[in-house]
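Number of protein chains: 2
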Amino acid sequence: MTNPATLSRRVPGTDKREAILGAALELFVERGFFGTAVPEIAERAGVGAGTIYRYFESKEALVNVIYREQKLRFANVVLDGFPSTATTREQFRVLWMRMARFATDNLDAFSFLELHHHARYLDAESRAVEHRMVQLFVSVVTGAQARGELKLGPPRLLMGLVMGAFVGAMRNCLDEGISLTEADWKLAEQCVWEAVRS
Amino acid sequence: MTNPATLSRRVPGTDKREAILGAALELFVERGFFGTAVPEIAERAGVGAGTIYRYFESKEALVNVIYREQKLRFANVVLDGFPSTATTREQFRVLWMRMARFATDNLDAFSFLELHHHARYLDAESRAVEHRMVQLFVSVVTGAQARGELKLGPPRLLMGLVMGAFVGAMRNCLDEGISLTEADWKLAEQCVWEAVRS
DNA sequence: GTGCTAGGAATGAATGTTCATTCCGGTTGA
DNA sequence: TCAACCGGAATGAACATTCATTCCTAGCAC
Chain Z
3 MTNPATLSRR VPGTDKREAI LGAALELFVE RGFFGTAVPE IAERAGVGAG TIYRYFESKE
63 ALVNVIYREQ KLRFANVVLD GFPSTATTRE QFRVLWMRMA RFATDNLDAF SFLELHHHAR
123 YLDAESRAVE HRMVQLFVSV VTGAQARGEL KLGPPRLLMG LVMGAFVGAM RNCLDEGISL
183 TEADWKLAEQ CVWEAVRS
Chain G
3 MTNPATLSRR VPGTDKREAI LGAALELFVE RGFFGTAVPE IAERAGVGAG TIYRYFESKE
63 ALVNVIYREQ KLRFANVVLD GFPSTATTRE QFRVLWMRMA RFATDNLDAF SFLELHHHAR
123 YLDAESRAVE HRMVQLFVSV VTGAQARGEL KLGPPRLLMG LVMGAFVGAM RNCLDEGISL
183 TEADWKLAEQ CVWEAVRS
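Chains Z and G are the protein sequences, given in the same order.
Using the working numbering, read the first sequence as starting at 3 and increasing by one per residue.
Using the working numbering, read the second sequence as starting at 3 and increasing by one per residue.
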């Protein structure tokens, strides 16, 4: 009963759920939330329109599941095994390059998170997930400031500059349909480090 | 026929047109393009739904007019009387502070331009307006690089970092419902200059 | 092995709602 | 009186969601 052939039977329809999530992610990136019709999602996922409502309570619930899932995936990629005892310089490099990897390997997920930042249809839990991540970053910045390794100033402002610069760099990629080279990412990292170092 | 009393007759309904543009700008920022219903725009503008179609061919034409209008307003505020003979350091300061002024004084317009960056419903002319602005900035960056005053590297990448950092700083404002102080803007300017200086 | 059956999963046409757009009767200023 | 202008009800298309029906397969009887 637990051999691979029966696995998809034991958790029925998991693959359909994944197909719906994948199709919805793509379409929300391409057309936005209100610009995407539920039957379109069904068509791209290769399921009936009604099937979506077997897995998700509503279109809004669907977009919230995607948001939280991808936000947590991002957090895992970036923070898993974070070198908390390394120098701030090294921590910054690791953070930047992990973000670059996530964004490069998961273009749609990255665009989705960007696009749906603070959207009206995100519910309290989705906002809470976001808020927890921000708080975590703020505490890292505050710590580095206390050790005199980052410029002084509102932590949220410094974080905004760094994250904004990252998104700005990535956006060039997306806008031009090209992808940034490893060298480009390293240059960007060096630039932004010089922006915030004390 | 040209005295003030008859002006609003000679350009009929100019004030209604402005009311529609203003209401639509606000609502598109609050709810997005597809999330905003035309009758809602009419209500906030204090006109009938049909009246909107006396001034704009369609909802899509309306959003494009707003986009181009605000993009050009931004370009004017930032580039009008630009000190083209000053040092790159001084030019950077002027650019940054003018952008800060525009964003602070025109929160909705700034958010609108951010939100509708590369949206599907922007037409060829709107894209052309955007493209011309980018080209202009690229040539400024390239010139400064040639004089050895900016880091070398893809001009689009450096621009992306700077503009991204600006947006990131501004976003803190919007997210927290607070506004950045003059000191905050100066700190941010100093940080970002150090990111791109040679 | 074969045929049957129960019941959960999947479907997509049907439903009621909401939307962008049109159109016509009323209003206004000259 | 008249032409230009306006409002908002009317219209048809498109939408999110539902639900009566079909499909699939594990389990059983033989």
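Glycine included, C-beta positions come from ideal geometry on N, C-alpha and C.
Around the beta carbon of Arg91/G, a 10 Å sphere encloses fewer than 16 other beta carbons of the protein chains shown; the residue is thus reported as exposed. Chain-order list of chain Z residues neighbouring His120/G: Arg173, Leu176, Asp177, by C-beta distance under 9 Å. Judged by DSSP in its simplified three-state form, Arg199/G adopts strand. With 16 or more other Cβ atoms inside 10 Å of its own Cβ, Arg158/Z counts as buried. When C-beta distances to chain Z are compared with 7 Å, the residues of the stretch 32-47 of chain G below that value are Arg33, Gly34, Phe36, Gly37, in chain order. Contact between Val198/G and Val164/G holds: their C-beta atoms lie close to 6 Å from each other, under 8 Å. Partner residues in the beta bridge of Leu152/Z, as assigned by DSSP, are Arg199/Z. Proximity to Phe112/Z across Phe139/Z, Phe168/Z, Val40/Z peaks at Phe168/Z, based on C-alpha coordinates. Within the same chain, and ignoring the five residues on either side of Phe30/G in sequence, the residues whose Cβ sits closer than 8 Å to its Cβ are Thr38, Val65, Ile68, Phe114, Leu117, His118.
Using a Cβ-Cβ cut-off of 8 Å, Leu159/Z counts as an interface residue toward chain G, since at least one Cβ of chain G sits closer than that to its own. Bounds of any alpha helix (DSSP H) do not take in Asn108/Z, whose DSSP letter is neither H nor E.
Leaving aside the five residues that flank Gly170/G on each side, none in its chain has a CB nearer than 8 Å to its CB.
By the neighbour-count criterion, in which 16 or more other beta carbons inside 10 Å mark a residue as buried, Glu184/G falls on the exposed side. Taking 9 Å as the cut-off between beta carbons, none of the residues of the stretch 77-111 of chain G comes near chain Z. Every unbroken stretch of the alpha helix (DSSP H) spanning 4 or more residues and falling wholly within the stretch 24-92 of chain Z is given here in chain order: 40-47, 51-57, 61-81.
Apart from the 5 residues on each side of it in sequence, Ala77/Z sits with its Cβ closer than 7 Å to the Cβ of Met135 in its chain, given in chain order. According to the DSSP assignment, Asp125/Z belongs to no alpha helix (DSSP H), since it is labelled neither H nor E. In chain order, Glu127, Ser128, Val131 place their CB closer than 8 Å to the CB of Arg70/G, counting only its own chain and leaving out the 5 sequence neighbours on each side. In the structure shown, His133/G adopts helical secondary structure according to DSSP, grouped into three states.
Straight across, the Cα-Cα distance linking His120/G with Glu191/G is about 26 Å.
When CB distances to chain Z are screened at a threshold of 9 Å, the residues of the stretch 179-198 of chain G falling below it are Leu182, Ala185, Asp186, Leu189, Ala190, Gln192, Cys193, Val194, Trp195, Glu196, Ala197, Val198, in chain order. Here Ile180/Z is exposed. Its C-beta has fewer than 16 other C-beta atoms within 10 Å. In this structure, the beta-carbon distance from Ala26/G to Ile43/G falls below 8 Å. Residues of the stretch 142-168 of chain Z with a C-beta less than 9 Å from any C-beta of chain G: Lys153, Leu154, Gly155, Pro156, Arg158, Leu159, Leu160, Met161, Gly162, Leu163, Val164, Met165, Gly166, Ala167, Phe168, listed in chain order. The shortest CA-to-CA distance from Phe104/Z to any of Leu23/Z, Thr87/Z, Leu81/Z is the one to Leu81/Z.
Spatial neighbours of Met101/Z in its own chain (CB-CB distance under 7 Å, excluding positions within 5 residues in sequence) are listed in chain order as Val80, Phe168. Ala121/Z sits in coil when the DSSP states are folded into three classes, being neither helix nor strand.
DSSP places Leu160/G in the uninterrupted alpha helix (DSSP H) bounded by 157-178. When DSSP states are grouped into helix, strand and coil, Ser141/Z belongs to the helix group. The Cβ atoms of Met172/G and Val140/G lie no closer than 8 Å to each other.
Using a CB distance cut-off of 8 Å, Gly24/Z does not count as an interface residue toward chain G. Taking 8 Å as the CB threshold, Gly50/G stays off the interface with chain Z. The Cβ atoms of Val40/Z and Ile22/Z lie no closer than 8 Å to each other.
Burial state of Leu97/Z is buried, judged by a 10 Å Cβ sphere holding 16 or more other Cβ atoms.
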